[in-house]
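Novice: Starting off with a structure, shown below.
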Amino acid sequence: MALRLGDEAPNFTAETTEGTINFHEWLGSGWGILFSHPKDYTPVCTTELGTVAKITPEFKKRGVKVIAISVDPMDSHKGWINDINETQKTTMNYPIIADPDKKVATLYDMIHPNALDNMTVRSVFIIGPDKKIKLTLTYPASCGRNFDELLRVIDSLQLTSKFKVATPANWKDGQDCIITPAVNDAEAKTLFPKGFKTVKPYLRYTPQPNK
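For the sequence shown, position 11 (counting from the first letter as 1) is numbered 13 according to my numbering, and the numbering increases by one without interruption.
So, in structure tokens, the structure goes:
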């Protein structure tokens, strides 16, 4: 059964390039991203994992741990890391799960038979400190992911978990937010001392409250 937003992220024990992990223990009390790739030693996947290695400091700054997974065996992962480092001019700095028996891939419904029947699609799960799934994305094998978008979503999720705001289309960190409709104007004046602009009763903008 497909996982939905708000479901608890299934726990598992798995072998990774950095040792054996219990997933929930590895996550700890922070945020996490679990993302799958179809196959080691393939071009798009190589660029994806290299890109994540380059922006890992951005994830760490936000208190986010990142882990990759495919159904390839461990020796494949370890050999491929050398290619990632060489071709992407980076150094791998996060673990890759080896899931040759497809146990984790099945738990997270990462194998879509109509797309790829023997390997994982490009799935992404953002997991909150409560171990609940906050975002899911699935990309076709032919399209590499935009990891800047994942950083943007994390900024939004972390902001909206602490303040009664939502983020509008194409929002970026530092831009104005939208006050949620459940907040009335009187409450908004207290919650948002920087003020707010009313476009419609249901559409009120306020400066980002944590800036």
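All C-beta atoms in this analysis are idealised placements derived from N, C-alpha and C, irrespective of residue type, glycine included.
#1: Report the option in I98, P211 and K134 whose CA atom is closest to the CA atom of A190.
#2: Hey, quick one: how far does the beta strand (DSSP E) through S163 stretch, first residue to last?
#3: From this set, P209, V185, L205 and A4, which residue's C-alpha is nearest P195's C-alpha?
#4: Reducing DSSP to helix, strand and coil, say where W33 ends up.
#5: Considering only their Cβ atoms, is the gap separating A11 from I99 smaller than 9 angstroms?
#6: In whole angstroms, what separates the C-alpha of I35 from that of N172?
#7: So for F25, helix, strand or coil by DSSP?
#8: Counting Cβ pairs, one atom from each stretch, are 3 or more of them under 8 angstroms apart for the stretch 129 to 141 and the stretch 70 to 86?
#9: Opposite A100 in the DSSP bridges: which residues?
#10: Report yes if the CB atom of K67 is closer than 9 angstroms to the CB atom of Y96, and no otherwise.
#11: What are the partner residues of K67, as DSSP defines its beta bridges?
#12: Give the single residue among V123, A16, T19 and R64 whose Cα lies nearest to the Cα of S31.
Specialist: Walking through what the data contain:
#1: P211
#2: First-last for S163: undefined, no H or E at that position.
#3: P209
#4: strand
#5: no
#6: 21 angstroms
#7: helix
#8: no
#9: E17 and S72
#10: yes
#11: G34
#12: R64
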